[in-house]
Amino acid sequence: MNIEILGITVLWVFLFGYIMIGAIDFGAGFFNAYSVLTGKQRILTNVIQRYLSPVWEVTNVFLVFFFVGIIGFFPKTAFYYGTTLLVPVSFGIILLAIRGSYYAFETYGARGHKGYSFAYGAAGLLLPASLSIVLTISEGGFVELVDGQPVLDYWKLFTSPLTWSIVVLSIAATLYISAAFLTWYANKAGDREATDLLRKYALIWALPTIITAGGIIFELRKHNPLHYENIQRFWPMFLLSFLLFLGTVFLIWKRRQYGAAFGMLAGQFVFAFFGYGASHYPYLLYPYLTIYDSFTNHAMAIALIIAFVFGLLLLIPSLYLLLRMFLFNKDYVKGKEDHHA
Amino acid sequence: MDSVFYSRVLTELTLSFHIIYATIGVGVPLMIMLAQWVGIKKNDEHYILLARRWARGFVITVAVGVVTGTAIGLQLSLLWPNFMELAGNVIALPLFMETFAFFFEAIFLGIYLYTWDRFENQKKHFLLLIPVALGASFSAVFITIVNAFMNAPQGFNLVNNELINVNPLVAMFNPAMPTKVAHVVGTAYMTSAFLLAAIAAFRLLRGSNHIYHKKALYLTLKVGFIFSVSAALVGDLSGKYLAEYQPEKLAAAEWHFETEENAPLMLYGVLDDGEVKYAIKIPYALSILAHGSPTAEVIGLDQFPEEDTPPLYIHYLFDIMVTIGMTLLALSAIFWIGMWRKWSFVESRLFRWLIVISGPLVFISLEAGWWLAEVGRQPWILRNIMRTSEGATSSGQVPTMLVLFALLYLVLGIGSVVVLRRMFIRNPVEQEIADRQQVKGGDIQ
Ligand code: HDD
Ligand code: HEM
Ligand code: HEM
């Protein structure tokens, strides 16, 4: 493995981390808003306060890690993506702000403003949509060089079926991941009502997820034949991903072992995400930017990797402690303890 | 050209807003730590409660700090793509390390906040705060190193637009770094101390004569005094750094036009057609500030081409910062001498009002300091390497984004103040002390 691949793999792992824990967070916000509408609020609000509030800041750092890391390892991305993404990413920041402030203003401050819950829920759906635009753009065809400056063609972007399939996938997958996780969490908390409700959501969103995922591969055949061809080469990963998907749905359907179901779901996304990533190789932006021509100098790469290793030594035990406190602690999960400042 | 202008305005706006919350984020954990430590040592429930209430408010400011920090982090690439491409190659290391500091802080803050009274041994809970304070201070250290690099870039060679001989460590340990890091971190502690002192003084003025607020005032003004001294001392060293490495910034800040020996310091005054009027002139003081000797030669603006000199209005910023810094130093010193000599004056309403005003003042000083440092670097984004106009994006949509973000910060700013007020008014400290007495059954003074 060369150092360029090592760099992008590290970043891809953290992006994956963000997508998974971010999806749980985003989806929970949506279900919460939905339950406010249907009068079932108590159920989900509890989960959000007990599980999401203590960790939302950590979730955010995964994102920060990714965008700081990509500038560090692949500085040229700043030029191409920085110039073209001003509008979509700025919208993303504003959506993130709505969510971050919700945790602070609502769960610690005064509680219960309905409008805020809706804004928080809506932001949860719009965020994956606006951030997924980055993946769409990376497929190429939407950015052109004009006088040496990259320019994004919005018309083309918003009229492309590829864009919209990726948007739909991002939303469906968010809700699916989130519902599956929350089913497990609610079950651990011994909350039957919430478990049943969330289980239903998980099953509802499973189908759109898998259909759009397949649809995107089909879209790529027209949009980016090179990438499409590469995807074929990784078919075993996508097959495994599909089998794990079936396993997850089966377990949730049978109301069995929600923990294992979520584990399989994570596996499904690992194979799909890394299969997709590997088939994207070596391009960061078709056809302008590869991981090789955008890579930083050797000295910086080594320094970053050393810093990364030391950082991980610090991070892994701390993350473990956090999960033990809030995810695996039975009394906490069941809501028997309240020790908030 | 337009996008350059608007990118600057948007950067100024985001940073000026972020720095308020970020500074609180750096300083307040230290204050919480001190209060909790004193509380555990003296077995004094008041200090523990102080720590707990500060921590509660801190949650709100951290959230806004995280949100605005994420905004500026992304905006650096969105608005200054050319600069970030170059910077990414040379100074990405501290930026990257900063994310680990964030992780560290965020993880332990989550644990700390949700584990009050969960441990038998209070010291265990206290220990969780140490990584929070370390993480926050180190994020300030790392980001300030990046900013120091912009002022004194080194650790690479630029040959025919090609970067060679990059050395990330040399880039990090640039000449601007020691004074800048020390001044920024020290003033962050100072700022938080005065902010919390102002709140305590305000509660005392508003009828509550509870000993709790007095204890808060003693603690915060002690810390405030210590870090005002450090601000002045390290500020002086920052001046010496400027004289050596960025003489144009110092000269512009001091309206020092001609290179000369025995240079006097101009305080205040106005500039009228290149002529300094109404200024207080302190003989030899500039030579002392710049080089530590009354006769030393200080480089003036005559040594620099017009297009390379920063705007002269930074003089006012410098005066504001230093005046406020010295005033607060005096204020906290008088408080301490007064407490020691039992002057009733320091417990008068007037003096308490002065302490209340110190809260907003210290933030004005902080903003003035940053504007001085950043505007004083102009026209360079990377001194002597890249001009600000060369770093900016070519996108035409910056003005729209500017409006959008201005609205966002308005909402966040108002929201955080409203929520904080509500939180503490609904749960006054007297009530909380009474509640805790009932729970514990013991008596707490
Ligand atoms: C509460 C805030 C505060 C206070 C009371 C002071 N400063 Fe300051 N100053 C800052 C907050 C600050 C800052 C915001 O932290 C700056 C901006 C960038 C930096 O490095 O620190 C700064 C920059 C800064 C610079 C420019 C450094 C550079 O551009 O590299 C100088 C020369 C001084 N300060 C000097 C002083 C002196 C002589 C003070 C005497 C009391 C003083 N400061 C008080
Ligand atoms: C947080 C405290 C800071 C504040 C309040 C602040 C303030 C400012 C201001 C007022 C300007 C505009 C100068 C002008 O246009 O005349 C500016 C420019 C800029 N600053 Fe800072 N700054 C801060 C820290 C930093 C740090 C730590 C970095 C780097 C990592 C940085 C990067 C920039 C960049 C890229 C620009 C735009 C280019 C320019 O106009 O020079 N700033 N900042
Ligand atoms: C260009 C300048 C800056 C950038 C790019 C930047 C970036 C960021 C980012 C991305 C975050 C969010 C981290 C998270 O998700 O937890 C953040 C938060 C923070 N920043 Fe900044 N920052 C800048 C300037 C500063 C300065 C000058 C200081 C200190 C003096 C500072 C101190 C902090 C702290 C302590 C936090 C943690 C949140 C809090 O406690 O309020 N930042 N910053």
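So the sequence lines, in the order shown, correspond to chains Y and W. Using my numbering, read the first sequence as starting at 1370 and increasing by one per residue. Using my numbering, read the second sequence as starting at 71 and increasing by one per residue. C-beta: ideal position from N, C-alpha, C; glycine also. As the structure is a prediction and not an experimental result, all values here were calculated from the model.
By the criterion of Cβ-Cβ separation under 8 Å, what are the contact partners of Ser1687/Y in chain W? Counting from one through the first sequence, the residue named residue 1687/Y turns up at place 318. In chain order: Phe173, Phe174, Ile177, Phe178 and Pro201.
Is the separation between the beta-carbon of Leu275/W and that of Arg419/W shorter than 8 Å? Numbered from its first residue, the second sequence carries residue 275/W at position 205. Numbered from its first residue, the second sequence carries residue 419/W at position 349. Contact flag set, yes.
Proximity test, Asp389/W beta-carbon vs ligand 1 heavy atom, cut-off 7 Å: Reading the second sequence from its first residue, position 319 is the one you call residue 389/W. Not so, every heavy atom of ligand 1 lies at least 7 Å from the Cβ.
Same chain, Cβ closer than 8 Å to Val236/W, five either side skipped, listed in chain order: Position 166 of the second sequence, counting from 1, holds the residue named residue 236/W. Within the same chain, Val236/W has close Cβ partners Asn159, Val160, Gly225 and Phe226.
I need the straight-line Cα distance from Ala313/W to His280/W, nearest angstrom please. Along the second sequence, one-based indexing puts residue 313/W at 243. Along the second sequence, one-based indexing puts residue 280/W at 210. Straight-line Cα distance between these residues: approximately 49 Å.
May I ask which residues mark the beginning and end of the beta strand (DSSP E) holding Leu233/W? Taking the first residue of the second sequence as position 1, residue 233/W is located at position 163. It spans Glu232 to Ile234 - the beta strand (DSSP E) in which Leu233/W sits, taken as one unbroken run.
Using a Cβ-Cβ cut-off of 7 Å (strictly less than) and excluding sequence neighbours within five positions of Phe405/W, which residues of its own chain qualify? In the second sequence, residue 405/W corresponds to position 335, counting from 1. Contacts found: Leu291 and Val416.
Any C-beta of chain W under 8 Å from that of Gln1518/Y: Taking the first sequence and counting its residues from 1, one reaches residue 1518/Y at position 149. Closer than 8 Å to some Cβ of chain W, the Cβ of Gln1518/Y qualifies, so yes.
Segment contact flag, the segment 454–467 of chain W with the segment 147–158 of chain W, C-beta cutoff 8 Å, min 3 pairs: yes
Taking one C-beta from the segment 331–338 of chain W and one from the segment 352–368 of chain W each time, how about it: are there three or more such pairs within less than 8 Å? yes
Beta strand (DSSP E) segment containing Val368/W, residue limits: For the purposes of this step, residue 368/W is taken as the residue at position 298 of the second sequence. Taken as a continuous stretch (DSSP letters only), Val368/W belongs to no beta strand (DSSP E), as it is neither H nor E.
Could you say which of Val136/W, Ile102/W and Ile181/W lies nearest to Leu1688/Y if we only look at CA atoms? By one-based count along the first sequence, residue 1688/Y stands at place 319. Ranking the options by Cα distance to Leu1688/Y, first place goes to Ile181/W.
Please identify the residue among Val1437/Y, Phe1431/Y and Gln1626/Y whose C-alpha is closest to the C-alpha of Met1389/Y. Locating residue 1389/Y in the first sequence gives position 20, where the first residue counts as 1. The option with the nearest alpha carbon to Met1389/Y is Phe1431/Y.
Run through chain W and tell me which residues come within less than 8 Å of Thr1665/Y, C-beta to C-beta. As a working mapping, residue 1665/Y is identified with position 296 in the first sequence. Going along chain W in sequence order, the residues near Thr1665/Y (Cβ under 8 Å) are Gly158, Asn159 and Ala162.
Assuming Thr1552/Y and Leu1531/Y are in contact, meaning their beta carbons sit under 8 Å apart, how far apart are those beta carbons, in whole angstroms? As a working note, residue 1552/Y is residue 183 in the first sequence. As a working note, residue 1531/Y is residue 162 in the first sequence. Between Leu1531/Y and Thr1552/Y the Cβ distance is about 32 Å, and since that is not below 8 Å, they are no contact.
In the DSSP assignment, find the beta strand (DSSP E) that holds Ile350/W and state where it starts and stops. Within the second sequence, the letter at position 280 stands for residue 350/W. First-last of the beta strand (DSSP E) with Ile350/W: Ile350 to Ile352.
Would you mind telling me which residues of chain Y sit closer than 7 Å to Pro238/W, beta carbon to beta carbon, in chain order? Residue mapping note: residue 238/W aligns to position 168 of the second sequence, counting from 1. What Pro238/W touches in chain Y: Ala1668, Met1669 and Ala1672.
If we require 3 or more residues per run, which beta strand (DSSP E) segments fall completely within the segment 1462–1540 of chain Y? 1512–1515 and 1518–1521
heavy atom of ligand 4 below 7 Å from Lys250/W C-beta: No copy of ligand 4 appears in this structure; the ligands present are ligand 1, ligand 2 and ligand 3.
List the whole-angstrom C-beta distance separating Leu179/W from Glu1475/Y, where the pair is believed to meet the contact cut-off of C-beta under 8 Å. Position 109 of the second sequence, counted from the first residue, corresponds to residue 179/W. Position 106 of the first sequence, counted from the first residue, corresponds to residue 1475/Y. Taking a contact as a CB-CB distance under 8 Å, the pair Leu179/W and Glu1475/Y does not count as one, their CB atoms being some 18 Å apart.
Determine, using beta carbons only, whether Asn244/W comes closer than 8 Å to chain Y. As a working mapping, residue 244/W is identified with position 174 in the second sequence. Not closer than 8 Å to any Cβ of chain Y, the Cβ of Asn244/W fails to qualify, so no.
Using DSSP with H/G/I as helix, E/B as strand and the rest coil, what is Asp1565/Y? Counting from 1 along the first sequence, the entry for residue 1565/Y is found at position 196. Looking at Asp1565/Y - three-state DSSP - the assignment turns out to be helix.
Would a check of beta-carbon distances place Ile118/W closer than 8 Å to chain Y? In the second sequence, the residue the question calls residue 118/W occupies position 48. So no, Ile118/W is outside the interface.
Any idea if Tyr1472/Y is buried or exposed, counting beta-carbon neighbours within 10 angstroms, 16 or more meaning buried? What you label residue 1472/Y is simply residue 103 of the first sequence in a count that begins at 1. So Tyr1472/Y ends up on the buried side.
Report yes if the C-beta distance between Pro469/W and Tyr91/W is below 8 Å; otherwise report no. As a working mapping, residue 469/W is identified with position 399 in the second sequence. As a working mapping, residue 91/W is identified with position 21 in the second sequence. No, these two residues do not count as a Cβ contact at 8 Å.
On the premise that Thr1665/Y lies in contact with Pro1444/Y, defined as a C-beta separation below 8 Å, what is that separation, rounded to the nearest angstrom? What you label residue 1444/Y is simply residue 75 of the first sequence in a count that begins at 1. What you label residue 1665/Y is simply residue 296 of the first sequence in a count that begins at 1. Between Pro1444/Y and Thr1665/Y, the beta carbon gap of about 6 Å places them in contact (Cβ cut-off 8 Å).
For a cutoff of 8 Å on Cβ pairs, would you count Asp513/W as touching chain Y? In the second sequence, residue 513/W corresponds to position 443, counting from 1. Since pLDDT at Asp513/W reaches only 43, below the 50 mark, its modelled position is unreliable, and no value is offered.
CB contact check: Val1503/Y to chain W, cutoff 8 Å: For the purposes of this step, residue 1503/Y is identified with residue 134 of the first sequence, where counting begins at 1. With 8 Å as the cut-off, Val1503/Y does not count as an interface residue toward chain W.
Given a threshold of 16 other Cβ atoms within 10 Å of its Cβ, counted over all protein chains shown, does Ile495/W qualify as buried or as exposed? The residue you call residue 495/W lines up with position 425 of the second sequence. Exposed, since its Cβ has fewer than 16 Cβ neighbours within 10 Å.
Ignore the nearest five residues each way along the sequence and tell me which others in Ser1610/Y's own chain have a CB closer than 6 Å to its CB. Here residue 1610/Y refers to the residue found at position 241 when the first sequence is read from its first residue. Excluding residues within five positions, the ones whose Cβ falls inside 6 Å are Gln1637, Phe1640 and Ala1641.
Taking just the CA atoms, how far does Thr393/W sit from Lys285/W? Against the second sequence, residue 285/W aligns to sequence position 215. Against the second sequence, residue 393/W aligns to sequence position 323. Approximately 28 Å, taken between the alpha carbons.
Would a C-beta distance cut-off of 8 Å place Gly1398/Y and Val137/W closer than the cut-off? The sequence position of residue 1398/Y within the first sequence is 29, counting from 1. The sequence position of residue 137/W within the second sequence is 67, counting from 1. It is not a contact, given that the beta carbons lie outside the stated cut-off.
Which residue wins for smallest C-alpha separation from Ala157/W, given the options Leu452/W, Ala462/W, Phe173/W and Asp505/W? Here residue 157/W refers to the residue found at position 87 of the second sequence. It is Leu452/W.
Kindly indicate which three-state DSSP category Tyr1652/Y falls into: helix, strand or coil? Within the first sequence, numbered from 1, the residue matching residue 1652/Y stands at position 283. In the structure shown, Tyr1652/Y sits in a strand (DSSP, three-state: E or B).
Whole angstroms are fine: how far does the CA of Leu1406/Y sit from the CA of Phe1712/Y? With chain Y covering only 1370 through 1710, there is no way to say anything about residue 1712/Y.
Using the Cβ count rule (16 or more neighbours within 10 Å means buried), how would you classify Gln316/W? The residue labelled residue 316/W in the question sits at position 246 within the second sequence. With 16 or more other Cβ atoms within 10 Å, it is buried.
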